[in-house]
Amino acid sequence: MLVEQQDEKRRRRLLEKLKCNIDSIIFVESGHMGCAAIVRNEIGSFVRCISSFMKMVEIIAAREALFWLRSLHLDE
Numbered sequence: 196m197l198v199e200q201q202d203e204k205r206r207r208r209l210l211e212k213l214k215c216n217i218d219s220i221i222f223v224e225s226g227h228m229g230c231a232a233i234v235r236n237e238i239g240s241f242v243r244c245i246s247s248f249m250k251m252v253e254i255i256a257a258r259e260a261l262f263w264l265r266s267l268h269l270d271e
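If you're matching positions, the sequence shown starts at 196 in our numbering and goes up one per residue.
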């Protein structure tokens, strides 16, 4: 019975809808950028968050890598 209840809880968690909000800031003089993301579930409760600072060149490189990966159509 306990195992069945745990399995049901796991299934419910997998069915939850998640929302991710992001924000960023650019420090022009230093060429750095800060970014943050927060994930909330369907009732608005906190799930996870992350924040970091990086140089603009890293942001551009990551963006280009993502565009390149998408162009490879590896998900097909």
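Don't be surprised by glycine CBs; every beta carbon is placed ideally from N, CA and C.
**Request:** Using the Cα positions of residue 216 and residue 264, report the straight-line distance between them to the nearest angstrom.
**Result:** Those two C-alpha atoms are separated by around 23 angstroms.
**Asked** Where are the alpha helix (DSSP H) runs, 4 residues long or more, that stay fully inside the region 221-250, in chain order?
**Response** none
**Alpha carbon of residue 248 to alpha carbon of residue 235, nearest angstrom** = 22 angstroms
**Asked** Would a C-beta distance cut-off of 9 angstroms place residue 219 and residue 226 closer than the cut-off?
**Response** no
**Prompt:** In angstroms, rounded to a whole number, what distance separates the CA positions of residue 261 and residue 254?
**Reply:** Straight through space, the alpha carbons of residue 254 and residue 261 are spaced by roughly 11 angstroms.
**Request:** Keeping to the same chain, check which residues put their C-beta closer than 6 angstroms to that of residue 257; ignore five residues upstream and five downstream.
**Result:** none
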